[in-house]
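Trainee: Residue numbers (the numbering used here): 195 to 522. Glycine included, every Cβ here is placed at the ideal spot set by N, Cα and C. Can you read through this structure? Questions will come right after.
Pasting the structure below:
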């Protein structure tokens, strides 16, 4: 039987039943880790790998209690849990954290990054260091960035042009930037937590949404929106994050061990995500999913440039954005 967030919070489920670690109670520091997806997806596999690394590099010092399948809530609820200390670690898109760190939305600007390597170089530089400091000031310690892949439009019909989304109700992340993008294309943005999107699409509360290829199949959305239109409009950046209360309470050697494990884990996650995208799209195709190329790319990009201009004042100015776009 699936574990609910209410059961976990109320202490109605014993910790070992959640862990799946096979180790029972450990002597190390308990670390409650929230994952949105199941054991077969990169979002959970990264934490299993981090646990394996820590077992070698910091034996007996950590007890990762991994709770998969969004049992502790969607991204926003998990982020709030980290700030409160009820959850200790998780992954998150930078979009979800924009309510606390709006400057992070620079990574979400549509058509800003040429490819995944361009994005990786940017977050490894001064901008990444700047954002890490801002996240920590809000209670999120971020040892590393991850890449969920490009976001594409998902729909019940092939909405291949900017004009085709006019008047459509689109589910969006709870982020002002995502709302601005789709409003600018004359769609009707509707913020809905990710665990609720399947039913919202199935019942017609919304007509479409955007998501990465991996999560498209991870949340079984191909069953209700069979078309994936390859817009690739946003590279979905994410973070590996820990609650500041947990992090600051660790001894320095434990922080170092955890940071090193996360560094290895992020590389593993990004490799897994590439493989998972291919496997996910093969599964979608076998179960009726269809792929369409985006048309009128210039029109999509023109809509994106409006977002650049409108968000520039809070993201450091248009010159900063243009410099990132031009960077090697």
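If you draw a straight line from the C-alpha of residue 511 to the C-alpha of residue 322, how long is it?
Mentor: Going by the C-alpha atoms only, they are around 17 Å apart.
Trainee: Check whether the Cβ atoms of residue 332 and residue 295 sit closer than 8 Å, and answer yes or no.
Mentor: Yes, these two residues count as a Cβ contact at 8 Å.
Trainee: What span of residues does the beta strand (DSSP E) with residue 422 cover, start to end?
Mentor: Taken as a continuous stretch (DSSP letters only), the beta strand (DSSP E) holding residue 422 covers 421-437.
Trainee: For the beta strand (DSSP E) that residue 406 lies in, which residues bound it at each end?
Mentor: Run containing residue 406: 402-406, per the beta strand (DSSP E) assignment.
Trainee: Could you compute how far the alpha carbon of residue 285 sits from the alpha carbon of residue 442?
Mentor: Roughly 19 Å separates the two Cα atoms.
Trainee: Determine the DSSP secondary structure at residue 347, reduced to helix, strand or coil.
Mentor: It is a strand residue.
Trainee: Residue ranges of each beta strand (DSSP E) run of no fewer than 3 residues wholly in the stretch 364-418, ordered along the chain?
Mentor: Those beta strand (DSSP E) runs which fall completely within the stretch 364-418 and span 3+ residues are 382-385, 402-406.
Trainee: What does residue 338 pair with, by DSSP beta-bridge criteria?
Mentor: Looking at the DSSP assignment, residue 338 forms a beta bridge with 434.
Trainee: Quick check: residue 515 and residue 522, are their CB atoms within less than 8 Å of each other?
Mentor: Cβ atoms of residue 515 and residue 522: not closer than 8 Å.
Trainee: Assuming residue 346 and residue 404 form a contact by the criterion Cβ under 8 Å, report the distance between their Cβ atoms to the nearest whole angstrom.
Mentor: Residue 346 to residue 404, Cβ: 6 Å. Contact.
Trainee: State the CB to CB distance for the pair residue 412 and residue 369, rounded to an integer number of angstroms; the pair is presumed to be in contact (CB under 8 Å).
Mentor: Not really, about 20 Å apart at Cβ, beyond 8 Å.
Trainee: Span of the beta strand (DSSP E) holding residue 281?
Mentor: Element bounds for residue 281: n/a, residue is neither H nor E.
Trainee: How far does the alpha helix (DSSP H) with residue 296 in it reach, from first residue to last?
Mentor: No alpha helix (DSSP H) holds residue 296; DSSP gives it neither H nor E.
Trainee: Pull up the DSSP beta-bridge partners for residue 286, would you.
Mentor: DSSP output for residue 286 lists 433 as bridge partner(s).
Trainee: Suppose the cutoff is 8 Å on Cβ atoms and the five residues either side in sequence are ignored; what does the same chain contact list for residue 217 look like?
Mentor: Caution is warranted here: a pLDDT of 41 is assigned to residue 217, below 50, making its placement in the model unreliable, and no coordinate value can be reported.
Trainee: Does DSSP classify residue 224 as helix, strand or coil?
Mentor: Note: residue 224 maps to strand in three-state DSSP.
Trainee: Which class does residue 218 belong to by DSSP, given the choice of helix, strand or coil?
Mentor: With a pLDDT of 37 at residue 218, under the threshold of 50, the predicted position of this residue should be treated as unreliable, though the coordinate-derived value follows. Coil, per DSSP.
Trainee: Between the stretch 445-453 and the stretch 310-319, do three or more beta carbon pairs fall short of 8 Å?
Mentor: Contact between the stretch 445-453 and the stretch 310-319 is absent, because fewer than three Cβ pairs lie under 8 Å.
Trainee: Just to confirm my understanding: we take residue 386, look at its own chain, exclude 5 residues before and 5 after, and list those with CB closer than 6 Å. What are they?
Mentor: Hits under 6 Å: 365, 394.
Trainee: In its own chain, which residues sit with a C-beta less than 7 Å from the C-beta of residue 262, not counting the 5 before and 5 after it?
Mentor: Answer for residue 262: 229, 231, 232, 233, 238, listed in chain order.
Trainee: Taking the straight line between their C-alpha atoms, what separation do you get for residue 249 and residue 242?
Mentor: Looking at the two C-alpha atoms, the distance is approximately 11 Å.
Trainee: Since I believe residue 423 is in contact with residue 472 (beta carbons under 8 Å), could you give me their beta-carbon distance rounded to a whole number of angstroms?
Mentor: Not quite, the Cβ-Cβ distance comes to about 18 Å (not below 8 Å), so this is no contact.
Trainee: Reducing DSSP to helix, strand and coil, say where residue 448 ends up.
Mentor: Helix, per DSSP.
Trainee: Nearest CA to the CA of residue 359: which residue from 371, 416, 377?
Mentor: Ranking the options by Cα distance to residue 359, first place goes to 377.
Trainee: On a CA-only basis, which of 448, 277, 252, 391 is nearest residue 264? Give me that one, please.
Mentor: The candidate whose alpha carbon is nearest that of residue 264 is 391.
Trainee: Could you tell me the distance, in whole angstroms, from the CA atom of residue 518 to the CA atom of residue 306?
Mentor: Looking at the two C-alpha atoms, the distance is approximately 8 Å.
Trainee: Quick check on residue 305: does DSSP put it in helix, strand or coil?
Mentor: Note: residue 305 maps to coil in three-state DSSP.
Trainee: Could you check the C-alpha separation between residue 335 and residue 326 for me, to the nearest Å?
Mentor: Their Cα atoms are separated by approximately 7 Å.
Trainee: Do residue 367 and residue 268 have their CB atoms nearer than 8 Å?
Mentor: No. Outside cutoff.
Trainee: Where does residue 311 sit, in a helix, a strand or coil, going by DSSP?
Mentor: Correct three-state label for residue 311: helix.
Trainee: Looking at C-alpha atoms only, which residue of 342, 420, 468 is the closest neighbour of residue 406?
Mentor: Taking only the C-alpha atoms, the option nearest residue 406 is 342.
Trainee: Determine the DSSP secondary structure at residue 258, reduced to helix, strand or coil.
Mentor: Residue 258 falls in the strand class under three-state DSSP.
Trainee: Return the chain-ordered list of same chain residues with a C-beta closer than 7 Å to the C-beta of residue 363, the five sequence neighbours on each side being excluded.
Mentor: Contacts found: 382, 384, 400, 401.
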